[in-house]
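Input: a single structure, listed below in structure tokens.
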Amino acid sequence: MVSVGLHALISRNHKGCDSTEQPTAWENQTNNHWVRKRTMGRKTSKKHVGVNTDHTVESVSGGNADDNNRSHKDKKTTHVPQTSFLRKQIDPETAKYFAEIANAIEGTEIDPEERSVICGNALEETRGKEAELATDYIISHTLQTLLEGCSLDHLCSFLQSCAKNFSHIAADRSGSHVVETALKSLSFHLQDNENHSLIEHALKKICKAIVVNPVDIMCNCHGSHVLRSLLCLFKGVPLEEFHSTKSSVGLAERLNLKAPHAKDNVSLQSVQIFPSLLKKFVSEMLNAASEDISKLQMNQYSSLVLQTVLKLLAGNEQELLHLIRVLLGSSTGSANAGNLLEGITIRNILRLVEETAYSHLMEAILEFAPETLYNELLTKVFRKSLFRMSSHHCANFVVQALASHAKSQDHMDLIWEELGTKFRDLFEMGKSGVVVSVLAATQRLHSNEHECCQAIAAAVCTGDEFPKCIVPRILFLENFFCSRDKSNWSWPHGTKIHVVGSLILQSIFRLPSELIQVYVTSITSLEEHHVLEASKDPSGSRVIESFLNSNISGKQKRKLVAKLRGHFGELSVHPFGSFTVEKCFTASNLNLRETIVSEMLPLQPELSKSKQGPYLLRKLDIDGFARQPDQWKSRQASQQSALKEFYATFGPKETKSFEKEESFLVGTVSKSKPGKLKDIRKEIETTLASAKTSNTPFLAHQVSKKMKRSKDEKKRHRKDGESESKRKKIKV
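Start counting the sequence shown at 1; every next residue gets the next number (UniProt numbering).
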């Protein structure tokens, strides 16, 4: 329980004062202690990113981490004047009161219900002074604690009281944290449908205050983040969860290295908390900012807000069409299908995509645009300008988005027509991201796949060295094209393998083997020490793994694996090479598997301490090989035999080539007669069940079961023979 003195302190009718009297020494000491106690991770620097000392908002260039980083040069600054706001100084008595509240709440274990009452009573003391208190660096931390612990009624009451000065609070470094804490606390109450009407009433009041002048808050580095949190709240999705996907994951999805993460889009479309409020707010916000659209297009922070709106409206085609036409600079209210770009200056769009903020916005537009609008953008705006855009440090990302979100083979044909013969030029300009995006699009849409592979090979290697030099030059893409004497270029030892070059080869090795024979010849022609160096590189090891995972013949795979003979031990304890060892083992025949395990055997203690080591010890059954090598070989042979049998019976047509490859064993492996589908299915089911209680790999049970079955049959025949002889004796 809280002391009576604290109850009296909280429940008193605190009288506000606008006095400019300076704080006492004790109050300064209390405030300094509070700053040290709760910093909430905020920087104490007075310099705000993107905000000048004259209180104007500056557009700061952003960009993605890629080989084609958007440069800070040619950056244009958009200055958006903000309405003057003079924050009143907090009187010492109020500062002392909230310092005592903070110390009491932080240092005492309080019952949740009583804590809610205390927080609510303390929030009532902020009435009429919300802007001054929320923008105070010290007291704002206390307000965050109070907003996290108060009831929904007090939470909504506080937000409604803040509505009058919401834009000023949200644009402040400290005030923005207070507002976001309040919005986050609101999201926890959305689970109860009975709370929706109360929450909606508070949100409507805030929206009404924002649409009076939305440009200021959209173009502010703090305000834009608050606005995005508010927009996400309409969908019932916290901003942190909304943008939780890592950029590397998004890149992997765009390059077909990972299946699309459809879960987020489905959940966004299925959750409908305040759909009408979202649409109305976006519409009124755009109407209020209609004269400042050019400013919103060029500002980094407003671009982030608009990108969030586009993602939230995914699935609402009419609203998306209207929003995108406004962002493209449409001068007409509506348009017909096939003529959606009416009233839009095409030349202006081509100029804007060379600006950092707008290029980011255009990427989002292309991602969420309906197919009809995408088709018009490609054919009427960007067609015949793709190579020029690909050469620009910002616009090239728009070309990558165009390729990544192409909807049909016809779209891909238009892109290929302009860029298919320009790969070498793009590599030389350092725009390899465009090439890998086009390659991924050809795979996804099954259009111009073979031509794309040929174009990449021709761009990096010609003449007598073809095709041997293809893979090394792609692995060190940047190093090769920066070389002055390309004819005498050689493998640069000690240099990190190029990330985009690695992505290109990973994509290529997922194609059918008949399309990539020159790449197979090139990678299997690598020197042994080059294969070893690539296996230890984070990007190079993924190329080796993708080759071993491909549908290329086992003979070609084992040709590459054999080049690592004598180095499997050191690779197994390497953080990246350990993954390569696993793939090598899977692709190897019995002799190579025995070699791999033999080289790893002396390193068992080191393997058990490494991150990947324990998994390798179990997967490769190192301990089983050390104890009983002959039985280990038998288990490996039975696994492969059962696997071949399974694929021969159940596998698709393309996997039946498995039988035609070089035998897993040194000798021939007898094949069982196909046709006994029911027996095989029962055998697989029982094997899986028994594998749960055994450390032996489940396919390894096949041979032992056959041996056991044959022994049981012999016993049964013997018993039958004995019983038959007994019956004969009895008859006699």
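Each residue gets a CB set at the ideal place from its N, CA and C atoms; glycine is no exception.
It should be emphasised that the depicted structure is a prediction, and the values quoted were computed from it without experimental measurement.
Rounded straight-line distance, which links the Cα of residue j to that of residue i
i	j	result
E376	L341	7 Å
I118	C150	8 Å
L186	A202	10 Å
N299	F476	36 Å
F576	F547	16 Å
L601	L560	22 Å
I596	K557	15 Å
I544	V436	18 Å
S61	C394	Confidence at S61 is low in this model, with a pLDDT of 33, below 50, so the placement of that residue should be treated as unreliable; the coordinate-derived value is given next. Taking the straight line joining both Cα atoms gives about 11 Å.
I415	S391	15 Å
F382	L350	7 Å
T135	E355	33 Å
L426	H529	30 Å
L526	K468	8 Å
S229	K407	31 Å
A441	L255	8 Å
L327	L312	16 Å
K184	R593	55 Å
F509	Q454	13 Å
E124	I210	24 Å
T78	I217	Any reading at T78 needs caution, since the residue's pLDDT is 44, under 50, leaving its predicted position unreliable; the model's value is listed next. The straight-line gap from Cα to Cα measures roughly 14 Å.
F650	Q640	15 Å
A626	V499	39 Å
S167	D192	29 Å
E417	R325	27 Å
W632	D621	8 Å
F368	L323	11 Å
E645	A637	12 Å
S502	H493	17 Å
E93	R127	15 Å
N195	Q144	21 Å
Cβ neighbours of residue i in the same chain (closer than 6 Å, five flanking residues each side left out)
i	result
L6	Residue placement at L6 is flagged as unreliable, the pLDDT there being 46, under the threshold of 50; the coordinate-derived value follows with that caveat. Hits under 6 Å: A104.
L677	Because the pLDDT at L677 is just 49, under 50, the model does not fix this residue reliably, and the value given afterwards should be weighed accordingly. Answer for L677: no residue qualifies.
Q409	L445, S447
Y358	Q297, L352
I139	F98, L133
E606	V573
F480	R473, W489
K563	E528, V531
A403	I415, S437, V438, A441
M285	V211, P214
V309	V282
Test item: CB-CB of residue i and residue j under 8 Å
i	j	result
S610	V573	yes
L190	G236	yes
S578	Q612	yes
Q443	E451	no
L378	S303	no
K583	D537	no
A459	V518	no
Cutoff 8 Å; reference residue i; Cβ partners in own chain excluding five residues on either side
i	result
S513	V520, S550, N551, I552, S553
S487	none
N348	G329
residue 737	Within the shown structure, residues of the chain are numbered from 1 to 732, placing residue 737 beyond reach of any answer.
I169	E130, A131, A134, T135, C162, G175, S176, V178, V179
P370	E317, L320, L321
Inter-residue CB distance, residue i and residue j (contact presumed, cutoff 8 Å)
i	j	result
F397	K422	Not really, about 17 Å apart at Cβ, beyond 8 Å.
N213	A171	Going by Cβ atoms, the distance from N213 to A171 rounds to 11 Å, so no, they are not a contact pair.
residue 733	L366	Not covered by the structure: residue 733. The range shown for the chain is 1 to 732.
residue 734	L133	Nothing about residue 734 can be reported from this structure: the residues present for the chain run from 1 to 732 only.
K205	A163	5 Å
A122	L152	In fact, because the Cβ distance is near 16 Å, the residues do not count as touching under 8 Å.
V471	S522	4 Å
E599	G569	4 Å
Contacts around residue i, its chain only, beta-carbon distance under 7 Å, and the 5 residues preceding and following it disregarded
i	result
E148	T181, S185
Q160	A202, K205
V399	L386, M389, S390, V434
C461	P467, C469, I470, R473
Check: residue i C-beta below 7 Å from any heavy atom of the ligand ATP
i	result
G149	With respect to the ligand ATP, the structure offers nothing, as it holds no ligand at all.
Min CB distance residue i to chain B below 8 Å
i	result
G554	Of the protein chains in this structure there is only one, and it is not chain B.
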